[in-house]
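Peer 1:
2 protein chains.
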Amino acid sequence: MRSEFDLIKRYLTGLGSARDDVICGVGDDAAIVTPSADATLLLALDTLVDGVHFPTDCPAESVGYRALAVNLSDIAAMGGRPCWALVGLTLPAVDEAWVAGFARGLDWLARAHDVAVVGGDVTRGPLTISVQITGSCAAPPLRRDGARVGDELWVSGRPGEASAGLEAWQAGERSSSRWQGLRNAFLAPQPRVLLGQALCGVASAAIDVSDGLLADAGHIGSASGVALHITGSRLQPSARLQAWAGPAQAQTAYLAGGDDYELCFTAPPAARRQVMAAARAARTPVRCIGAVRAGEGLYLDGQALAANKFAGYEHFGS
Amino acid sequence: MRSEFDLIKRYLTGLGSARDDVICGVGDDAAIVTPSADATLLLALDTLVDGVHFPTDCPAESVGYRALAVNLSDIAAMGGRPCWALVGLTLPAVDEAWVAGFARGLDWLARAHDVAVVGGDVTRGPLTISVQITGSCAAPPLRRDGARVGDELWVSGRPGEASAGLEAWQAGERSSSRWQGLRNAFLAPQPRVLLGQALCGVASAAIDVSDGLLADAGHIGSASGVALHITGSRLQPSARLQAWAGPAQAQTAYLAGGDDYELCFTAPPAARRQVMAAARAARTPVRCIGAVRAGEGLYLDGQALAANKFAGYEHFGS
Chain A
1 MRSEFDLIKR
11 YLTGLGSARD
21 DVICGVGDDA
31 AIVTPSADAT
41 LLLALDTLVD
51 GVHFPTDCPA
61 ESVGYRALAV
71 NLSDIAAMGG
81 RPCWALVGLT
91 LPAVDEAWVA
101 GFARGLDWLA
111 RAHDVAVVGG
121 DVTRGPLTIS
131 VQITGSCAAP
141 PLRRDGARVG
151 DELWVSGRPG
161 EASAGLEAWQ
171 AGERSSSRWQ
181 GLRNAFLAPQ
191 PRVLLGQALC
201 GVASAAIDVS
211 DGLLADAGHI
221 GSASGVALHI
231 TGSRLQPSAR
241 LQAWAGPAQA
251 QTAYLAGGDD
261 YELCFTAPPA
271 ARRQVMAAAR
281 AARTPVRCIG
291 AVRAGEGLYL
301 DGQALAANKF
311 AGYEHFGS
Chain B
1 MRSEFDLIKR
11 YLTGLGSARD
21 DVICGVGDDA
31 AIVTPSADAT
41 LLLALDTLVD
51 GVHFPTDCPA
61 ESVGYRALAV
71 NLSDIAAMGG
81 RPCWALVGLT
91 LPAVDEAWVA
101 GFARGLDWLA
111 RAHDVAVVGG
121 DVTRGPLTIS
131 VQITGSCAAP
141 PLRRDGARVG
151 DELWVSGRPG
161 EASAGLEAWQ
171 AGERSSSRWQ
181 GLRNAFLAPQ
191 PRVLLGQALC
201 GVASAAIDVS
211 DGLLADAGHI
221 GSASGVALHI
231 TGSRLQPSAR
241 LQAWAGPAQA
251 QTAYLAGGDD
261 YELCFTAPPA
271 ARRQVMAAAR
281 AARTPVRCIG
291 AVRAGEGLYL
301 DGQALAANKF
311 AGYEHFGS
């Protein structure tokens, strides 16, 4: 049940005034606004809730890191450069050690991406973190609705590892070196900021993979009014994902696991060399997994996937 | 105990990179950033928590209204013009009637101030709302640290009414016309956006009164390195506040009640006519309640107020 998205669409769409300086409002990874003739800004906000978006025993450093990472990923999916962050931290009690760890994790990632944390709010209540990020964009931002028939469908990195890493964490695998890569994929995902920037002007559409590859690819398809055909033999779950989950479950995690924060994007076949150059420049692996065709919906090796097959990841607490 | 502010200052100050385009980071009502040579933007984020910042039986319309109002007030205190809002809504369950009411209250206020709601996030969890606002500013923004010895101290509107209105609401006074004005001061405070804009270039310092007049005036004093001397006879609790609370408690509410979202500001005596003109233009009453002198701390009729006298409103749930 994607009730949260239904709510957004029905009640939080179109609120307030229609302003001329809003290029894109609710409905993409970030809003696009133009404060002046020579500035295009991207605005995003994401909330993480204890026990819903991370396990209660998640290290504070990881909570701080991830609270920013999910927002950087929104800017990455638009091809932007993150600039300024605001942090809304709601805490049940004053736990200085926890807050210090939270701040360390957030600070580390902010510095890595040249982001300044310029303000926010600390309140008392159930543990909840909302981070807002403002980014800039030189070229026209990447959007979800630009996929065209004939384009190829791509994904970055190693989808499915984050959900397996969360499984490993929850199964008590907290220190073994064997599953460290998977754990890190959940605890400290790498937002694909450089890749997004490099794909600006190259990709025709992009989205970040937060709810699972099929769910998020589906948003590109529906926003663009096209069908997406995925080729099963092109999906390549990583060796460690297969070692953890077994081959069949690894493919399920690859297609439907959440929290990866990879980029899923489309580009014309003629841009294939530019896509590969962008991936090299960003030092991020990318893989062509399918094609954009006329129609609607998602297909795996020619078989239509039922809507509930790619309804999206509802986080582990659901 | 102002533990929340200690936490902000100690752990959430100076996080991330020091960027040249950040004019003012953590420590004022909003951050000031300059995305391009001809754009100055204000960024603020505030969180409201069920049972902490509003009673659980607060009407949904009021929750939506207030979630935006507290952010508009931050922009008002900087003299800015609010433009775009993001809404992070965390809900325990899908309650369509509640969300519809929340959206109505927020939409009404957003339209009244020409603000576009351009995105956000809806998640499952304990009821918490984080709203982020981006504003623009033509003149240099008003800050907390500009009060100078010799300036006069001013406050807008009717401080203390919001805390009395909350008391009335909690005492079961939910429909009587006698207390409607007080109830509305809490349920639907008017952010002083026009006044803040009109005071830009006139006032020397400003802050919004969210934690109580003394507490917030104290922030101007400490940020500016000056003492603030308040004249008791100049404080004028409204007739309805006095009717509700009695004369003595009315003065306490005036000085220490929270959630007013009035503006407290300083200006040189020579600017008195401009201050009055700004108030007329904004159709908002203002009152001179004291003076800025050398030294530090807050004084009422020459008596130093102990730090805990103006430690600030910690919301009714504390």
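Protein chains in written order, with my numbering: chain A, 1 to 318; chain B, 1 to 318.
We put the CB at the ideal spot given by N, CA and C, even for glycine.
Just so we're clear, the structure is a prediction, and the values are computed from it rather than from any experiment.
Whole angstroms is fine: what's the gap from A:Gly225's alpha carbon to A:Val275's?
Peer 2: Taking the straight line joining both Cα atoms gives about 23 Å.
Peer 1: One question on the structure: do A:Gly172 and A:Arg183 come within less than 7 Å of each other, judged by their Cβ atoms?
Peer 2: No. Outside cutoff.
Peer 1: Using a C-beta to C-beta distance shorter than 9 Å, which residues of chain B count as neighbours of A:Ala100?
Peer 2: Going along chain B in sequence order, the residues near A:Ala100 (Cβ under 9 Å) are Arg10, Tyr11.
Peer 1: Considering only the beta carbon of each residue, do B:Pro191 and B:Ser17 sit closer than 7 Å?
Peer 2: No. Outside cutoff.
Peer 1: Going along the region 147–173 of chain B in order, which residues come within less than 8 Å of chain A, judged by CB to CB distance?
Peer 2: Flagged: no residues at all.
Peer 1: Short of 7 Å in beta carbon distance, which residues of its chain neighbour A:Ala67, apart from the five on each side in sequence? Order them along the chain.
Peer 2: If we look at A:Ala67 and ignore the five residues flanking it on each side, its Cβ neighbours are Leu48, Leu106, Ile129, Val131.
Peer 1: In chain C, which residues lie with their C-beta within 8 Å of the C-beta of A:Val63?
Peer 2: Looking for chain C here will not work: the only protein chains present are A and B.
Peer 1: Of the choices B:Ser156, B:Gly232, B:Gly218, whose alpha-carbon is the least far from that of B:Thr252?
Peer 2: B:Thr252 has its Cα closest to that of B:Gly232, out of B:Ser156, B:Gly232, B:Gly218.
Peer 1: In the DSSP output, which residue or residues are listed as bridge partners for A:Gln190?
Peer 2: The partner list for A:Gln190 (beta bridge, DSSP) is empty, contrary to what the question assumes.
Peer 1: Check the Cβ-Cβ distances between A:Gly25 and every residue of chain B, and say whether any is below 7 Å.
Peer 2: Chain B, which has a Cβ nearer than 7 Å to the Cβ of A:Gly25, makes this yes.
Peer 1: Starting from A:Pro35, follow the beta strand (DSSP E) in both directions and report where the run begins and ends.
Peer 2: Counting along the chain, the beta strand (DSSP E) containing A:Pro35 begins and ends at 31–36.
Peer 1: Evaluate contact between the region 54–67 of chain B and the region 103–117 of chain B, counting only Cβ atoms and requiring at least three cross-stretch pairs below 8 Å.
Peer 2: Cβ pair count under 8 Å is three or more, so yes.
Peer 1: Which residues of chain B have a Cβ atom closer than 8 Å to the Cβ of A:Leu300, listed in chain order?
Peer 2: Going along chain B, no residue has its Cβ under 8 Å from A:Leu300, so there is no contact; the nearest lies around 29 Å.
Peer 1: For chain A, is any of its Cβ atoms less than 7 Å away from the one on B:Phe316?
Peer 2: Low confidence applies here, because B:Phe316 scores a pLDDT of 40, under 50, leaving its location unreliable; read the following figure in that light. It does not; no Cβ of chain A falls within 7 Å.
Peer 1: Classify A:Pro247 as helix, strand or coil using the three-state DSSP reduction.
Peer 2: Helix at A:Pro247.
Peer 1: Under a CB-based cut-off of 7 Å, is B:Ser210 close to chain A?
Peer 2: Chain A contact via Cβ: absent.
Peer 1: Touch check for the region 75–86 of chain A and the region 112–122 of chain A: three-plus C-beta pairs under 8 Å?
Peer 2: The answer is yes - the region 112–122 of chain A touches the region 75–86 of chain A, with three or more Cβ pairs under 8 Å.
Peer 1: Can you tell me which of B:Ala256, B:Ala294, B:Ile23 puts its alpha carbon nearest to the alpha carbon of B:Cys137?
Peer 2: Of the listed residues, the one whose Cα sits closest to B:Cys137 is B:Ile23.
Peer 1: Please report the residue range of the alpha helix (DSSP H) in which A:His219 lies.
Peer 2: That run of the alpha helix (DSSP H) goes 213–224.
Peer 1: Hey, could you find the ends of the alpha helix (DSSP H) B:Val70 is sitting in?
Peer 2: B:Val70 -> alpha helix (DSSP H) spans 60–77.
Peer 1: Is there at least one Cβ from chain A nearer than 7 Å to B:Trp84's Cβ?
Peer 2: Yes, because at least one Cβ of chain A sits closer than 7 Å to the Cβ of B:Trp84.
Peer 1: Give me the subset of the region 107–129 of chain A whose CB atoms are less than 7 Å from a CB atom of chain B, sorted by chain position.
Peer 2: Here the close residues are Asp107, Ala110, Arg111, Asp114, Val115, Ala116, Val117, Val118, Gly119, Gly120, Asp121, Val122, Thr123, Arg124, Gly125, Pro126, Thr128.
Peer 1: Counting C-beta neighbours from all protein chains within 10 Å, is the total for A:Pro269 16 or more, i.e. buried, or is it exposed?
Peer 2: Result: exposed.
Peer 1: Got a sec, what are the start and stop residues for the alpha helix (DSSP H) A:Ala18 sits in?
Peer 2: Careful: A:Ala18 lies outside any alpha helix (DSSP H) and carries neither H nor E.
Peer 1: Between B:Gly323 and A:Ala198, what straight-line distance do the alpha-carbon atoms span, to the nearest angstrom?
Peer 2: Residue 323 of chain B lies beyond the residue range present for chain B, which begins at 1 and ends at 318; the question has no answer from this structure.
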